[in-house]
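Down below is the structure, laid out as structure tokens.
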Amino acid sequence: MEDIMLSETIKSRLAERFAMPLPEFYQRRIIFWPDEDGEFVEAVDELTLDGVTLVKLTGNNNFAVKKLIAVDDLTGDYLVYDPLTYEQDQKDDWLLDIKLYSEVFRADLISIQMEELLVEPTSAMRKTIKLYARFLENKDRKAKLCRIGRTYQSPLQLHIDIMAVLCGLNGGSAQDVIIEVLSAGLEKENNAPLVNIEKFGNIEAFWQLVHKYTGFVNAEDRPLSDLAAHILITALSQTLPASALRGLERFVTDSGKAYCYQLVHEWQRSDGWEDLVEICRHVEGELRLAERFDKIEIPRLLKSDTFPAIDESILKRFYGEISERVIKVELILEAVENRRTSGWYGLTADYFESLSYIAKMQEFYLAHIEGFHLVEPAKIWKLYTTDAYQMDGYYRQFHYFFGNTLKAPNQHLEDPLKKCSDVVEGLYHHWFLKELTLNWTNAIAGDLDTLGYVSEITKQRDFYRRYVSPNVSKGNRVFVVISDALRFEVAAELSEVLSHTTKGKASLEAVQAVFPSITKFGMAALLPGKKLSVNDNIEVAVNGKQAGSTACRAAILNETNPNSVAVTYKDLLQMKKTERRALVQGMEIIYVYHNTIDALGDKLATETKVFEACDEAISELNAIVKIIVNDLSGANILVTADHGFLYTYNPLEESQKISRQTYHGDVYELGRRYALVSPETSADYLLPIKTDGEIDGVPMKGYAPQDTVRIKVQGGGQNYVHGGISLQEMVVPVIVYKGMRSGYKQYVEVQNPGLSLISESRKVTNLFFSLDFLQKQPVGEKVQPCSYTVYFTDDEGVPVSDTQTVIANRVSNNASERVFHVRFILNKIQYNKSKIYRLIIANDTDVPEEIEFRIDIAFADDFGFDL
26 MEDIMLSETI
36 KSRLAERFAM
46 PLPEFYQRRI
56 IFWPDEDGEF
66 VEAVDELTLD
76 GVTLVKLTGN
86 NNFAVKKLIA
96 VDDLTGDYLV
106 YDPLTYEQDQ
116 KDDWLLDIKL
126 YSEVFRADLI
136 SIQMEELLVE
146 PTSAMRKTIK
156 LYARFLENKD
166 RKAKLCRIGR
176 TYQSPLQLHI
186 DIMAVLCGLN
196 GGSAQDVIIE
206 VLSAGLEKEN
216 NAPLVNIEKF
226 GNIEAFWQLV
236 HKYTGFVNAE
246 DRPLSDLAAH
256 ILITALSQTL
266 PASALRGLER
276 FVTDSGKAYC
286 YQLVHEWQRS
296 DGWEDLVEIC
306 RHVEGELRLA
316 ERFDKIEIPR
326 LLKSDTFPAI
336 DESILKRFYG
346 EISERVIKVE
356 LILEAVENRR
366 TSGWYGLTAD
376 YFESLSYIAK
386 MQEFYLAHIE
396 GFHLVEPAKI
406 WKLYTTDAYQ
416 MDGYYRQFHY
426 FFGNTLKAPN
436 QHLEDPLKKC
446 SDVVEGLYHH
456 WFLKELTLNW
466 TNAIAGDLDT
476 LGYVSEITKQ
486 RDFYRRYVSP
496 NVSKGNRVFV
506 VISDALRFEV
516 AAELSEVLSH
526 TTKGKASLEA
536 VQAVFPSITK
546 FGMAALLPGK
556 KLSVNDNIEV
566 AVNGKQAGST
576 ACRAAILNET
586 NPNSVAVTYK
596 DLLQMKKTER
606 RALVQGMEII
616 YVYHNTIDAL
626 GDKLATETKV
636 FEACDEAISE
646 LNAIVKIIVN
656 DLSGANILVT
666 ADHGFLYTYN
676 PLEESQKISR
686 QTYHGDVYEL
696 GRRYALVSPE
706 TSADYLLPIK
716 TDGEIDGVPM
726 KGYAPQDTVR
736 IKVQGGGQNY
746 VHGGISLQEM
756 VVPVIVYKGM
766 RSGYKQYVEV
776 QNPGLSLISE
786 SRKVTNLFFS
796 LDFLQKQPVG
806 EKVQPCSYTV
816 YFTDDEGVPV
826 SDTQTVIANR
836 VSNNASERVF
846 HVRFILNKIQ
856 YNKSKIYRLI
866 IANDTDVPEE
876 IEFRIDIAFA
886 DDFGFDL
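Numbered according to the numbering used here, the sequence shown spans residues 26 to 892.
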């Protein structure tokens, strides 16, 4: 019954074929039905097709059939059933010439499967399909293969796609299959994809595939870890000399270098990178690679990124040298820039960034190695606000990244970096702060004693008169954002962020804080009014009105200008857009109070998180400015602070603390960096500061340490302090931000620096090659850093190379210092020297640039399964 049904199916399909319209210029249809296995030798006799002559070859009638079709009957339709087999070159096939202009029909199970799967009906493809009878028995597996939607003209892709289905993939490449197998674990018997290939696919085909592309030769007793080691070490051999891999030759195959390198490169940057980390760690341990890397020079190691242990080796050695007070600034900065685009950078990014800021601190130290010996306060102020503030920033950034490393420590790097932190404290606390603060306090001591402020430097008390009033008098609405403890170096970073992320123009200025540099005085100093005063409780008032809360400050603002309002950042953030607009409608002056840095820094439990708070504050303040510009149509924005702060990481020694017994007389208020005392009170070792010229009310005077020591008081933290007269506490930033729209005369759009290819040749003749790129503009106020991806594609846009990243962040005006030397590796595939290939230069915002190339590499894809 099954044969009859099959015959009916065959008859139906054949009838459809003969009923189809003839191709152009054809007058009849001849169909050959090859059946080498003779499966239908009996069923064919039962077939009758209207208007079609059935001819059955026997091996003895070939010539007669040829004469019939080619000479005797030139118009009739024929079905030629051919159960014969022929030599490979088909020289013994008498009807070959007729077959070449005829059609082919196959009705055996394999042929039906080939038709369903869009497999070319060739003997090579039939042989391949036969290998996978077990695979094709299962409807789900077959359906998954069909869903890939590929047509198969050669065995290679069919083998790969069947393996891919057995690995749980939706098609792909040999690379995808190899990665999926290795990701499933290095024990063959527990590796699900490999077990599936062996059970339902063809394990020999898998190992031939692996051998062809990677050069790995399998044997039954070879574990999968050997394959992993082979791929990784062969990839590594692409970037390290043979001398560095002596003893590992058994894991290296020259023919597989390009492929293995590409495989590792793409795996590192894929979603499955964590599996590769685990495999790398296994191979590192088995082959003791960490010890090997430690003996290779750092400049040579910088060319490789196959194993995470390479980065750890680089870092360990730099850290070791730094702990011995040897800091190779140029090499460190070069290494960090190199690693930012390397495969495993993410695993040790915080360690590398910590390292870079140590180098920058050392660079600053070398530039100012003779110390600070200026006499005029204004010159020291200028030095700090144009250059020296950066040292505070480097220290903050070091501890920000150092703090990140402590959240998930690397066992190889934790202690070496901690040893470096002592060197950082030496550079910052014991040299920079000590030297600069001493120079500054010596220069200002006379002014503070006689005036209570530093002459020739703009005072915070004049902020409203100098910055707010002139804007209002011109009819402008002014927004003032006051961020508690936003010290100058943090504001400098914020100013850069605003320039790079908004359409406005930000400029950074500075004013000197009122003494003492604490919140209640600094906040009052930023308000209008003729006089600051204090009562017996040292509560601060402006024009006799208390200034201790947002509501009090709003009342003081309204007294000077009734069209004023004050609001906290948190309240503003929680408002809907309509509520925000209603708040500022008809208002000329809007004060916004923000408190993130001081909120954490002033508490003992959280003071160590103050640098994280600085980072958060920059993000929040950037957001506030965008809200003001976008929601409230604000164009004139001032961002300032009440005071700065001092912060040092290490616990203070007793010698860095001053006892309360230093004072002889009444003490009204004591902070870690200041004292407010009665006019008759004296103090040892401290600088006297006149207050009666600046602050009315209860008669008093001030004292402050002349270096960075703290005064012993109860409660609070010791490392984060303010109130004193160091530059870090006294220099109050003022960011003058002008929101701009595209119609403004001075409007400059934020732009990327641009990246252009400067290598002249447009022809590639090697799988491995390098090209030079120029960052067109230096990064500056309205030119922001940008990451570019560069890679090659074929004429259909399919990538044919690895993808490299260029971080265009250089600030030099010298073009030669903005050149990037980028190394590429082409995929190991067949290239057509007549075709156009394209180099793509892309980023997240601009239209990608495409540059045409020719690729002329003679290399045959000699894949052939011996199956």
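Glycine is no exception: its CB is placed at the ideal position from the N, C-alpha and C atoms.
Non-local C-beta neighbours of C445 in its own chain, meaning closer than 7 Å and more than five positions away in sequence, comprise Y344, I347, S348 and I383, ordered along the chain.
Following the DSSP letters along the chain, one finds L458 in no beta strand (DSSP E), marked with neither H nor E.
Contact between F878 and R863 holds, since their C-beta atoms are separated by about 7 Å, short of 8 Å.
Annotated as proximal: G196 and D186, with beta-carbon spacing under 7 Å. Selection Q485, V609, K167 and K595 evaluated against G554 yields Q485 as nearest (Cα-Cα). A straight-line Cα-Cα distance of about 34 Å links A158 and P824. Beyond the five residues adjoining it in sequence on each side, T264 comes within less than 7 Å, by CB distance, of K328 and S329 in the same chain, given in chain order.
Secondary structure of K237 (DSSP, three-state): helix. Counting along the chain, the unbroken beta strand (DSSP E) around C811 starts and ends at C811 to T818.
Under the 10 Å beta carbon count, M45 is surrounded by fewer than 16 other beta carbons and is classified as exposed.
As the crow flies, the alpha-carbon of Y616 is around 49 Å from that of Q293. The C-alpha of L273 lies about 8 Å from the C-alpha of I258.
For S795 and H846, the gap between their C-alpha atoms comes out near 7 Å. Within its own chain, the residues whose Cβ lies closer than 8 Å to the Cβ of V308, once the five positions on either side in sequence are excluded, are S250, A253, A254, L257, I258, L314 and F332, listed in chain order. Residue ranges of uninterrupted alpha helix (DSSP H) with 4 or more members, entirely inside the stretch 332-370 and ordered along the chain, are 333-348 and 354-364. When Cβ pairs closer than 8 Å are counted between the two stretches, the stretch 532-548 is seen to touch the stretch 665-675, the count reaching three or more. With fewer than 16 other beta carbons inside 10 angstroms of its own, A40 counts as exposed. Cα atoms of V692 and R685: separation of roughly 9 Å, rounded to the nearest angstrom.
Between the stretch 356-373 and the stretch 828-835, the count of Cβ pairs shorter than 8 Å is three or higher; the stretches touch. Taking 7 Å as the cut-off, the beta carbon of I736 is found closer than this to the beta carbon of R697. For I880, the closest of I865, S136, D869 and I861 by C-alpha to C-alpha distance is I861. Between the alpha carbons of E378 and N243 lies a distance of about 42 Å. Sequence-distant partners of Y489 (beyond 5 residues in either direction) whose C-beta falls short of 6 Å from its own C-beta, in its chain, are P553. Counting of Cβ neighbours within 10 angstroms places V559 among the buried residues, the total reaching 16 or more. Annotation: the continuous alpha helix (DSSP H) that includes K651 extends over V635 to N655. Taken atom to atom, the span from the alpha-carbon of T575 to that of W465 is near 34 Å. S532 and V738 have their C-alpha atoms roughly 38 Å apart.
Straight-line spacing of the CA atoms in E518 and I649 works out to 16 Å.
Around the beta carbon of I94, a 10 Å sphere encloses 16 or more other beta carbons of the protein chains shown; the residue is thus reported as buried. The stretch 174-184 makes no contact with the stretch 203-214; the number of CB pairs closer than 8 Å stays below 3. Contact check for V190 against R166 passes: the beta carbons are separated by less than 7 Å. Per the coordinates, the alpha-carbon of A217 lies some 10 Å from the alpha-carbon of K224. For I405 against A468, the beta-carbon gap comes to about 6 Å, under 8 Å, which counts as contact.
The stretch 83-97 and the stretch 118-127 touch, with no fewer than 3 CB-CB distances between them shorter than 8 Å. Nearest in C-alpha terms to V723, of all of Q743, E694 and I203, is E694.
Taking the Cα of M725 as reference, the smallest distance to any Cα among D474, T633 and E785 is reached at D474.
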